[in-house]
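Just so you know, we're using our numbering here: the sequence shown kicks off at 35 and counts up by one. All remarks here apply to the structure that follows.
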Amino acid sequence: MQNQERVDMGSGVNALEERSHLLSERIPPLAQAHRRLLLLAMLQAGFAPMPSEWWHYSYGDGYWAAYAQQPQAIYGQV
Numbered sequence: 035m036q037n038q039e040r041v042d043m044g045s046g047v048n049a050l051e052e053r054s055h056l057l058s059e060r061i062p063p064l065a066q067a068h069r070r071l072l073l074l075a076m077l078q079a080g081f082a083p084m085p086s087e088w089w090h091y092s093y094g095d096g097y098w099a100a101y102a103q104q105p106q107a108i109y110g111q112v
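Below you can see the structure in the form of structure tokens.
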């Protein structure tokens, strides 16, 4: 963003509450749209979403391998 304003995502990062679920309907429609945009961009880049945390995506680890139906992870736990 050029104006450096924060984007409303419906909850803060690391806020472990129901509103943090990726597809939560307990947040404003605009925040839902922002999450969908992030989700689509991350899926196109090959990341796996974490359903309980809108900000959490994986790539190359065991969770990603299971989500992407890969035979194994690219790398192990860091």
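C-beta: ideal position from N, C-alpha, C; glycine also.
Output needed for Y91: all residues of its chain with C-beta closer than 8 Å, excluding positions within five of it in sequence on either side, in chain order. The residue labelled residue 91 in the question sits at position 57 within the sequence shown. Counting only Cβ-Cβ distances below 8 Å, and skipping sequence neighbours, we find M76, F81, A82, P83 and M84.
Counting Cβ pairs closer than 8 Å, one from the region 67–75 and one from the region 92–108, do we hit at least three? Too few Cβ pairs lie closer than 8 Å, so no.
Sort L73, V47 and M43 by Cα distance to R60 and report the nearest one. Along the sequence shown, one-based indexing puts residue 60 at 26. Taking only the C-alpha atoms, the option nearest R60 is M43.
With 16 other CB atoms within 10 Å as the buried threshold, where does S86 fall? One-based indexing of the sequence shown puts residue 86 at position 52. Under the 10 Å beta carbon count, S86 is surrounded by fewer than 16 other beta carbons and is classified as exposed.
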